[in-house]
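See below for the structure under consideration.
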Amino acid sequence: MAEALAALGVAANVLQFVECGLRVMKTAHQLKSSTDGATATELEDLTRDLSTSMHTLKASPVSHMSLDLSKSISTCADLSDELASMLSSLKLDPKDSTPWKRLKVSVQTHRKAGEIGQLDARLTKLRSQIMDSLNFNLLSELVAQEASENSFRADTLSGIQKLADKVAALAETRPWETSDPSDPGPRPLENTGDKTFRVFLSQLVDGLTILRQEKRVNRVLKSLHFRQIAERVSEVSSAHQNTFSWIFGDNPKANVAEWMESHENNEIYWVSGNAGSGKSTLMKYLMKHPSSIAALDEWTDNGKIQICSHFFWSAGTAIQKSQEGLLRALLFQIMLHKTYLIKELCPERWKEDSFAHMEPWTRRELEDTFYKLAYLPDDPFDFRICIFIDGLDEYRGDHRELLSFLFDLAKSPKLKICVSSRPWIEFRQAFEKSQWKLAVHDLTSDDVQKYVKDKLSPQKPAYPWLETHDAAVVDPLAEEICRKAQGVFLWVFLVVRSLIKGLANGDEFRDLQRRVGELPSDLEEYFRLMLDNIDSVYRRRTARVFKSLVHTDASLPILLFHFINLEEEDPDYALKDSLKPLSESQVLAIVKPKRYQVIAQCKDLIKLTCFDHEPVVLRDRVTFLHRTVSDFLRTESMDNLLQERAGQEFEPRLTLSRAWLAMIKTISPASIQNKTLKMDRLRRFVLAIIAYAQELEALDMDSQIHAILDALDMALKPLLDPTSDSGKSNWEDCFLGIRNKTILGVMARIAHFHYFEHAVPFLEAPERVLLLSEVDWAPRMAIASGEGFMLQLVFEEYVDSQTVALLKKLCEDPSSSHRAQAVAGQSAGTAPTLKTVRRKRKM
Numbered sequence: 001m002a003e004a005l006a007a008l009g010v011a012a013n014v015l016q017f018v019e020c021g022l023r024v025m026k027t028a029h030q031l032k033s034s035t036d037g038a039t040a041t042e043l044e045d046l047t048r049d050l051s052t053s054m055h056t057l058k059a060s061p062v063s064h065m066s067l068d069l070s071k072s073i074s075t076c077a078d079l080s081d082e083l084a085s086m087l088s089s090l091k092l093d094p095k096d097s098t099p100w101k102r103l104k105v106s107v108q109t110h111r112k113a114g115e116i117g118q119l120d121a122r123l124t125k126l127r128s129q130i131m132d133s134l135n136f137n138l139l140s141e142l143v144a145q146e147a148s149e150n151s152f153r154a155d156t157l158s159g160i161q162k163l164a165d166k167v168a169a170l171a172e173t174r175p176w177e178t179s180d181p182s183d184p185g186p187r188p189l190e191n192t193g194d195k196t197f198r199v200f201l202s203q204l205v206d207g208l209t210i211l212r213q214e215k216r217v218n219r220v221l222k223s224l225h226f227r228q229i230a231e232r233v234s235e236v237s238s239a240h241q242n243t244f245s246w247i248f249g250d251n252p253k254a255n256v257a258e259w260m261e262s263h264e265n266n267e268i269y270w271v272s273g274n275a276g277s278g279k280s281t282l283m284k285y286l287m288k289h290p291s292s293i294a295a296l297d298e299w300t301d302n303g304k305i306q307i308c309s310h311f312f313w314s315a316g317t318a319i320q321k322s323q324e325g326l327l328r329a330l331l332f333q334i335m336l337h338k339t340y341l342i343k344e345l346c347p348e349r350w351k352e353d354s355f356a357h358m359e360p361w362t363r364r365e366l367e368d369t370f371y372k373l374a375y376l377p378d379d380p381f382d383f384r385i386c387i388f389i390d391g392l393d394e395y396r397g398d399h400r401e402l403l404s405f406l407f408d409l410a411k412s413p414k415l416k417i418c419v420s421s422r423p424w425i426e427f428r429q430a431f432e433k434s435q436w437k438l439a440v441h442d443l444t445s446d447d448v449q450k451y452v453k454d455k456l457s458p459q460k461p462a463y464p465w466l467e468t469h470d471a472a473v474v475d476p477l478a479e480e481i482c483r484k485a486q487g488v489f490l491w492v493f494l495v496v497r498s499l500i501k502g503l504a505n506g507d508e509f510r511d512l513q514r515r516v517g518e519l520p521s522d523l524e525e526y527f528r529l530m531l532d533n534i535d536s537v538y539r540r541r542t543a544r545v546f547k548s549l550v551h552t553d554a555s556l557p558i559l560l561f562h563f564i565n566l567e568e569e570d571p572d573y574a575l576k577d578s579l580k581p582l583s584e585s586q587v588l589a590i591v592k593p594k595r596y597q598v599i600a601q602c603k604d605l606i607k608l609t610c611f612d613h614e615p616v617v618l619r620d621r622v623t624f625l626h627r628t629v630s631d632f633l634r635t636e637s638m639d640n641l642l643q644e645r646a647g648q649e650f651e652p653r654l655t656l657s658r659a660w661l662a663m664i665k666t667i668s669p670a671s672i673q674n675k676t677l678k679m680d681r682l683r684r685f686v687l688a689i690i691a692y693a694q695e696l697e698a699l700d701m702d703s704q705i706h707a708i709l710d711a712l713d714m715a716l717k718p719l720l721d722p723t724s725d726s727g728k729s730n731w732e733d734c735f736l737g738i739r740n741k742t743i744l745g746v747m748a749r750i751a752h753f754h755y756f757e758h759a760v761p762f763l764e765a766p767e768r769v770l771l772l773s774e775v776d777w778a779p780r781m782a783i784a785s786g787e788g789f790m791l792q793l794v795f796e797e798y799v800d801s802q803t804v805a806l807l808k809k810l811c812e813d814p815s816s817s818h819r820a821q822a823v824a825g826q827s828a829g830t831a832p833t834l835k836t837v838r839r840k841r842k843m
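This is the structure we're talking about:
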């Protein structure tokens, strides 16, 4: 279309020239009978106009001309020359316009009458040709434009149909409700036969609006989600078949169904139980059982009910045992299924032009959002929510403060809250006067006997005497186990496992009785017995496994223990170049035998969990069998015993640093580039090593941890900077929120002073000056957040004042002049000079 408009402009210029030429011819004819000179003056003016018109025509853009227009311009040029020649002979100077001269011009005009007539005819013909050509071109353009519009319309309609199909698919497959429960969702496209294009554009706008809202929904949900959001509940064992059936029976001590159905009360239900009594398993049972749904339907009068949960985990990551993790997990689950609430609960994060969604959630914002949810005004959709919170005793924070917050929420008519914990004093005091509670360990005697019988019965075919004396053997064992267990299901689990191993060893009935009788009923004493029964050959290795798990306070990849074992032969194994990236088949070849080895050597005090969604290096994880095992091994007596077995030289943080470094070295660059191993996993490995480095600084292990940090720097180079082929490490990634090149940049960020003392040669290298300037400690982002001050202290402590001043200039104003100054300093060999004064600041 733009080219058509340009061509039209060229044609207009040609016509302007022709019209001007025709006026010149008309005026020349009048000159024959003119006697006052006025006509000659007018002809002079027309001549100037003709010259201007020709100049404009010659300036027309050639790229937009058709062949006809190009020929017309050529004809105009010829006519222009002929007109100029003729008019020069008819020119009359107005200042010297005597009657004689006017007569002379008139005579000349008569002589040229034939020539003037011919020029006039040629100009008239040219105008006719231009008009015909212009009309033809415009008609062709209109035809082409119509064809283009038809094609565009067809493509657009096809795009609309695809968009509509996509919107419909989203509506069918997304696991949450529409943004408005009364909205039936995206409508299918109407038949195109009798609909106008405007209707389809309207449907397109509707579809795009839905997709834009979906994008906002996903943005908010993503900000709430965290990777371990469902990890703990998946770790909890499901209830054994036919156990916990009493919870919905007539036992007056188990009134949870009555609480669920009640309209009047706004109290929290408390499930208490001794360590290992099965509280978490019961909570998982309650939140999934159909009877819970039926009872809660009574409360909602068959309205909409949503069940959501959070399981605190003391062995998990920081967010899994925090109030932030609790609220983010609950809000995520609620908003996932009720997306129409997001706009009202999070108005700032909902705004399309707001940057609020980029900011992490604060505890205050999470609490305020939950209060809004709990006390929304009359909701036309009348939703109700039942919340299950497991392991209040595993929450790392002020328990009374958390209880106060939950009690405030429970006053809402929209919410019911059920919690579980050990019977610690703060929880007993909080629920002392409440009728809505139960103690698991007082109600599981029948479940214990049922579990024992169900586990021993499958052994009958292998042991004929057990088949013959079924009731006479199994019943007494079940009763004795139930008596000694005192409601602690974990103890029952361990004892039954011991009995099954005894049967495999050929034990008879009296042997089984003796086993049960000799096993300590106290859980901690049982753990001590298990530790003592570890083969002496494995005690050193297993003690190191236990110490590593205790210090980490989280599950660890089983591959990590392969590297920990290598330390027994060579403490510097992780620094060797022999460690190369491993393929998936090589990892599996290492992990498969390690699964059996670790479990067998550690005598069932640990367990193995498989996370199928994780990459192979992280898929199999090792953790303690139960939190009580971790608590037991943390006691002073057990810690001393483990240290003695592991060796007094053993330091778990140093061992784990080496193991994580070895893990990083065995990661292939391809797994990072194709995102088989996501960047956040690699970031966790690196941050673990850096965290240990900070802790080891106080233990006079600088030389060892510095060697690990240097090796880490080089190991990250091919993973994060695969394009670099130089020998110098130059990897770059936002491990701590801002850009850092090399481990030195990261350590500077956290003010790891000892590593700077180790890095003296690094700082003295002239080529490193510009590299240090890349670390964002300067007064733009870093100093505003308080982080830059730490780096400034480091540089002022270790680098000469001239270099510090230059670095500040580079960061404040990275202009070419300052950079040139730095380069010039390097060329002259002026390297940064380290201060020799003793460091005064301790951090």
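For the sequence shown, the UniProt record's numbering begins at 1 and goes up steadily by one.
Positions of the beta carbon are idealized from the N, C-alpha and C atoms, including for glycine.
Whether residue i touches residue j by CB criterion (8 Å)
{"i": "Ser280", "j": "Pro423", "result": "no"}
{"i": "Asp620", "j": "Pro557", "result": "yes"}
{"i": "Lys372", "j": "Leu345", "result": "yes"}
{"i": "Leu579", "j": "Lys665", "result": "yes"}
{"i": "Ala662", "j": "Tyr538", "result": "no"}
{"i": "Phe297", "j": "Ile305", "result": "Residue 297 is actually Asp in this sequence, not Phe. In this structure, Ile305 lies closer than 8 Å to Asp297 by Cβ."}
{"i": "Ser555", "j": "Val598", "result": "no"}
{"i": "Leu696", "j": "Leu656", "result": "no"}
{"i": "Val236", "j": "Lys284", "result": "yes"}
{"i": "Ile319", "j": "Phe427", "result": "no"}
{"i": "Phe332", "j": "Ile268", "result": "no"}
{"i": "Gly397", "j": "Gln486", "result": "no"}
{"i": "Met509", "j": "Gly276", "result": "The identity of residue 509 in the sequence shown is Phe, whereas the question assumes Met. Contact: no."}
{"i": "Leu709", "j": "Ala691", "result": "no"}
{"i": "Leu224", "j": "Arg363", "result": "no"}
{"i": "Gln241", "j": "Asp454", "result": "yes"}
{"i": "Ala715", "j": "Ile564", "result": "no"}
Cβ neighbours of residue i in the same chain (closer than 6 Å, five flanking residues each side left out)
{"i": "Pro652", "result": "Lys547, Ser548 and His551"}
{"i": "Gln615", "result": "Note on identity: in this sequence residue 615 is Pro, with Gln being the wrong assignment. Thr676 and Leu677, listed in sequence order."}
{"i": "Leu618", "result": "Pro557"}
{"i": "Val233", "result": "Phe311"}
{"i": "Lys484", "result": "Ser521"}
{"i": "Asn266", "result": "Ala410 and Lys411"}
Contacts around residue i, its chain only, beta-carbon distance under 7 Å, and the 5 residues preceding and following it disregarded
{"i": "Tyr526", "result": "Trp491, Leu494, Leu519 and Pro520"}
{"i": "Ala707", "result": "Leu575"}
{"i": "His562", "result": "Ile590 and Lys594"}
{"i": "Glu524", "result": "Phe632"}
{"i": "Gly786", "result": "Unreliable placement is indicated for Gly786, whose pLDDT of 37 sits below 50; the coordinate value is still reported in the next sentence. Counting only Cβ-Cβ distances below 7 Å, and skipping sequence neighbours, we find nothing."}
{"i": "Ser245", "result": "none"}
{"i": "Leu582", "result": "Thr666"}
{"i": "Gln704", "result": "Leu654"}
Sequence-distant residues of the same chain with beta carbon closer than 8 Å to residue i, five excluded per side
{"i": "Arg595", "result": "Ile558, Leu608 and Asp620"}
{"i": "Ser262", "result": "Trp299"}
{"i": "Ser238", "result": "Thr281, Lys284 and Tyr285"}
{"i": "Leu588", "result": "Val616"}
{"i": "Phe370", "result": "Leu327, Leu330, Leu331 and Leu409"}
CB-CB length for residue i against residue j, believed under 8 Å
{"i": "Ala374", "j": "Leu409", "result": "5 Å"}
{"i": "Asp511", "j": "Gly502", "result": "6 Å"}
{"i": "Arg384", "j": "Lys411", "result": "No, Arg384 and Lys411 are not in contact; Cβ-Cβ is about 14 Å, not under 8 Å."}
{"i": "Leu221", "j": "Leu336", "result": "6 Å"}
Cutoff 8 Å: residue i Cβ touching any chain D Cβ
{"i": "Glu258", "result": "In the structure shown, chain D cannot be found, because there is only a single protein chain."}
Do three or more CB pairs link the region 435 to 444 to the region 247 to 264 at distances below 8 Å?
yes
Count the C-beta pairs between the region 383 to 397 and the region 406 to 421 that are closer than 8 Å, then say yes if the count reaches three, no if not.
Yes, since at least three Cβ pairs between the region 383 to 397 and the region 406 to 421 fall closer than 8 Å, the two stretches touch.
Contact between the region 526 to 534 and the region 599 to 607 (3+ Cβ pairs under 8 Å):
yes
Uninterrupted alpha helix (DSSP H) stretches inside the region 260 to 301 (no shorter than 4 residues)
279 to 288 and 290 to 300, all fully within the region 260 to 301.
Is the region 622 to 640 touching the region 669 to 681 in the sense that three or more CB pairs, one from each, lie closer than 8 Å?
no
Any chance the region 478 to 488 sits against the region 448 to 455, with 3 or more Cβ pairs inside 8 Å?
yes
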